[in-house]
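Per our numbering, residue 28 is the first one in the sequence shown, and the count goes up by one each step.
Take a look at the structure below.
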Amino acid sequence: MRFTLPLRRHASTYCHVTVERNARNLWATTKTGADKGTQPHSFYVLPMFPYPSGSLHMGHVRVYTISDCIARARRMMGEAVLHPIGWDAFGLPAENAAVERGINAETWTRSNVEEMRKELMALGISFDYDREFATCDPSYYRWTQWIFTRLFKAGFAYQAEANVNWDPVDRTVLANEQVDSNGRSWRSGAIVEQRRLRQWFFAIRRMAPALLAGLDLLGEWPDEVKKMQRAWIGRSAGANITFELRARGDLSMEVSAFTTRPETLMGVTFIAIARTAPVLQRLNVSANIPPEGDIRLEGVFAQHPITGHQLPVFVADYVVRDYGTGVVMGVPGHDERDEAFATKHELPVVNVIDDNGVLTNSGHELNGLTPEAAAAVVSTMPFASSTVQFRLRDWLVSRQRVWGTPIPIVHCPSCGPVSVPDDQLPVELPHASLLNQTVRSLADVPSWVSTACPSCGCTSARRETDTLDTFIDSSWYYLRFQSPHDESGAMPAKAKPVDVYVGGIEHAILHLLYSRFINRFLYEEKLVAEPEPFTKLITQGMVHGITYVDESTGEYVRSDDVSVKSDGIAVHKKSGHRLSSVYAKMSKSKYNGVSPSTVLEEYGADVTRLFILFKAPPSQVLDWNEDAIVGQTRWVNRLWTMVDSFVDDVNARWEGDDEVDGDHILRGKLINAVDDTIKTVTDVMSRRYCFNVAIAELMKLSNTISSAMGKVDTGTTVDALRSLVVMLSPFAPHLATGLWSILGSVEDFEVTGDVHEQPWPKPTTVRKERACKRINVQVNGRHVVTLQVPASITAQDDVQDFVFKNERVVRILSRRGPVAETYVDPNRYVNFVMQPSSSTSRLVES
């Protein structure tokens, strides 16, 4: 059946509003891009799902354009593609925004989801919306809670007193990964305080060896991400050295200090202890320790295990409780932090490795040895033991807010903490009517908190009032997409990993590490098929905007207040101050943001997509420059005009029984160009994902086709255009749908379905045609069509039979009447002479 779509225009001007509207209407009818559910997916491409802030930013546009481009191409390559979308909907921003506006957080969130879904559709992203969910859906967080209970039963989820990072603005605790290098909260920017609270943790450190080893399996991850995770996990091989502590009153105990350099033992001049180390309680001095600042423990000494010398003992700010044992042996001669501490407190410095790199000042057993040899000797001594430590700390997962997944734990006065049974999940949040402006914690809703113990039935039990870190919601969502409506389980049996995952490198030690931990746990529980969640990772660079800074004041200036002189110098319109300009991460404070809706309205979705994909490779920063986007606009307009004019010309010649015989050499060059382009673009879309290279090849091919039009036979040109439009469709889906419709109006050329339902072109198909000869088919001596006939067919009768069986020839002859005679040159032509009664008929070219 002929494919028709109301995109054909009498004018040759491209109108993105009309083309995009009609294309989306077609896709809504045919559900182009949706997983029809007829077979298990064979290829899973997933962009990191967004937080529903209310509107897309250009970073969103980039990540979803990349994933959509891959998904569309792989569908056309024959894959059953899974390309879903959901919403990372819980979290502080929604709760804070709701408080500011006097509305419920869920109302705010759902409204934002609706707006952002419209923007995604306007961008032409082919998500399977039948699989859509939000993490705030009870049907989703039921299974988040289920995973928590599995972790709890396996001993991976536990509650403990701990010094925690407290955000005084958002009034909640933060995981270590959520505090930046300047000690500020990743969300509010506030200086983080230390508080001691009872909190919930996931024992991710227990999984550290497996998480570290698993990085070696990730051959298709960027090296930079793996490097960041290795550093964060922080494997250190060394030794625990036992020191005897002595205090007043003949109090004596042993403590271990972890060191990666046991060979420096003879250089130890002090012992430093973390402020929260348990040993301080055993020494009965913890109550006298101030909240900050270094302090020497008077009357407390450590005995050196070799020399027996007494070493001073300090509580020091620079010692980390959760690394090693929380006790450091200070070697100021060979450690910068120890040296700084020793200088501050006027402690002695002993160098035990000389300029030749061998041990000195270390006794007869160690002097003269290399550091490696000395370390081996010390590690075998009775007070030492070789060990491995990890920098990674357990994941603090509880939050003191309302808008999050309730922790499925009941605290019973008799049983202690009890996990909620599966058949009582989900533990839903209180009804919206109970969450007024004064409720800032679930503890503020007594009717919700009070419950019965699921184990013993005690009616004095209380629900856990903390909610889960939103990174738990996003640590397994990729699994739920594989069976989003299944009420019997969180994920299908032996759920598969994502083939291509697209997202920012800023998630390297947060979301990506947490997802690896959860997936590894589920793998060990035999719930997923593979230990790693994401096979290939594409980390797209940020989108930067032009940023103007007043050189006199250092203040950022809005682009509307900028005037650029003829010499290219930018000045402030009002003050006349000279401005410097630089590309920087888009932000409201720098006035350099670009609204996607504004860009789509002015340039259209396809030009926007093409610019984003062409301007820079995915991993690099993309500088948004609207002066450069005109290049994509011109190319799109040229493509539209080229195809439109070609079809008009073909149909006009069809009416006049006129056909171009064509330049044989130029035809071969065109076929070669199509073949080479298919090879390159196929490689890009199936392996390399350097989209700028593919688009450049398509531009080059379009120029080659344009140069050949009118100079080669129509059939070859149509075939080239078809291949071009099919390969263009993942990048510019609306445009390709429109161009395919125009090609469908070429008289007597069958075009069925949308372009996105076509198979991906293969170069071997074109190669086979090169082993053919061109036979001109004539009616009454006039050329009507050119056919490709296998060169192996040489006999006159065989050539005639081959031509006569061609569907196009049959269709043409059926309109002309009976054939009276046939003249054949087996290498040049077949001429059908019709009986005199045959009427003039429109002829079609190949």
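C-beta: ideal position from N, C-alpha, C; glycine also.
Here the structure is a predicted model, which means the values were calculated and not measured.
Item                                                                                                                                                                   : Value
Looking at leucine 272 and valine 327, is the spacing between their C-beta atoms short of 8 Å?                                                                         : yes
Pull up the distance between the alpha-carbon of tyrosine 528 and that of serine 542, whole angstroms please.                                                          : 12 Å
Helix, strand or coil, according to DSSP, for serine 80 in the structure here?                                                                                         : coil
With 16 as the cutoff for other CB atoms within 10 Å, does lysine 523 come out buried or exposed?                                                                      : buried
What three-state label does DSSP hand aspartate 155 in the structure shown?                                                                                            : strand
Over what stretch of residues does the alpha helix (DSSP H) that includes histidine 761 continue unbroken?                                                             : 760-770
Measure the alpha-carbon distance for leucine 147 versus alanine 759 and round it to whole angstroms.                                                                  : 14 Å
Looking at the unbroken alpha helix (DSSP H) that takes in lysine 145, where does it start and where does it end?                                                      : 132-149
What number of angstroms, rounded off, separates the C-alpha of glycine 530 from the C-alpha of tryptophan 475?                                                        : 38 Å
Given proline 67, which residues of its chain have a CB within under 8 Å of its CB, disregarding the five upstream and five downstream residues?                       : Ala107
Of the choices Arg835, Pro289, Arg665 and Thr162, whose alpha-carbon is the least far from that of valine 634?                                                         : Arg665
Once DSSP output is grouped into helix, strand and coil, what is the label at histidine 43?                                                                            : helix
Hey, out of Tyr350, Arg262, His331 and Val354, whose CA is closest to valine 306's CA?                                                                                 : Val354
Is lysine 371 helix, strand or coil by DSSP?                                                                                                                           : helix
Would you mind giving the Cβ-Cβ distance between phenylalanine 368 and tyrosine 350, rounded to the nearest angstrom? I have them listed as a contact below 8 Å.       : Incorrect: roughly 16 Å between the Cβ atoms, too far for contact.
Considering Cα atoms alone, identify which of Trp422, Leu549, Tyr630 and Ala181 is closest to alanine 520.                                                             : Leu549
Between which two residues does the beta strand (DSSP E) harbouring methionine 861 extend?                                                                             : 856-861
Per DSSP, threonine 574 is paired with what?                                                                                                                           : Val609
How far does the beta strand (DSSP E) with serine 413 in it extend, from its first residue to its last?                                                                : 411-417
Would arginine 177 pass as a contact of glutamate 552 if the rule is Cβ separation under 8 Å?                                                                          : yes
Excluding the 5 residues flanking proline 120 on each side, which residues of the same chain have their C-beta closer than 8 Å to its C-beta?                          : Tyr78, Ser80 and Arg214
Between glycine 294 and valine 379, which are expected to be in contact by the criterion C-beta below 8 Å, what is the C-beta distance as a whole number of angstroms? : 4 Å
Determine the burial state of serine 153: buried for a count of at least 16 other Cβ atoms within 10 Å of its Cβ, exposed for fewer.                                   : buried
Once the 5 residues before and after valine 252 are set aside, which same chain residues still bring their CB inside 8 Å of it?                                        : Ile532, Ala535, Leu539, Leu564 and Thr566
How should glutamate 628 be labelled, buried or exposed, when 16 other C-beta atoms within 10 angstroms of its C-beta is the threshold for buried?                     : exposed
Check the C-beta distance from valine 445 over to proline 473 and give it rounded, since I have them as a contact under 8 Å.                                           : Valine 445 to proline 473, Cβ: 20 Å. No contact.
State the DSSP-derived secondary structure class of aspartate 684, mapped to helix, strand or coil.                                                                    : The pLDDT assigned to aspartate 684 is 48, lower than 50, so where the model puts this residue is not dependable; a value taken from the coordinates is nonetheless given after this. In the structure shown, aspartate 684 sits in coil (DSSP, three-state: anything other than H, G, I, E or B).
Could you tell me the alpha carbon to alpha carbon distance between glutamate 133 and threonine 562, rounded to whole angstroms?                                       : 34 Å
Does phenylalanine 228 come out as helix, strand or coil in the three-state DSSP assignment?                                                                           : strand
Can the beta-carbon of isoleucine 545 be found less than 8 Å from the beta-carbon of isoleucine 174?                                                                   : yes
For glycine 64 and glutamine 509, I'd like the C-alpha separation in whole angstroms.                                                                                  : Unreliable positioning characterises glycine 64 in this predicted model, as indicated by a pLDDT of 47, which lies under 50. The coordinate reading is nonetheless provided below. Rounded to whole angstroms, glycine 64 to glutamine 509 spans 11 Å at the Cα level.
Less than 8 Å between the beta carbons of serine 733 and proline 788, yes or no?                                                                                       : no
Would DSSP call glycine 335 helix, strand or coil?                                                                                                                     : coil
Leaving out five residues before and five after glycine 724 in sequence, what residues of the same chain have Cβ atoms less than 7 Å from its Cβ?                      : It is worth fixing the name first, because residue 724 is glutamate in this sequence and not glycine. Answer for glutamate 724: Thr704, Thr707 and Val708, listed in chain order.
Could you pull out every residue in the same chain whose Cβ sits closer than 7 Å to the Cβ of cysteine 442, ignoring the five residues on either side in sequence?     : Cys480, Ser482 and Cys483
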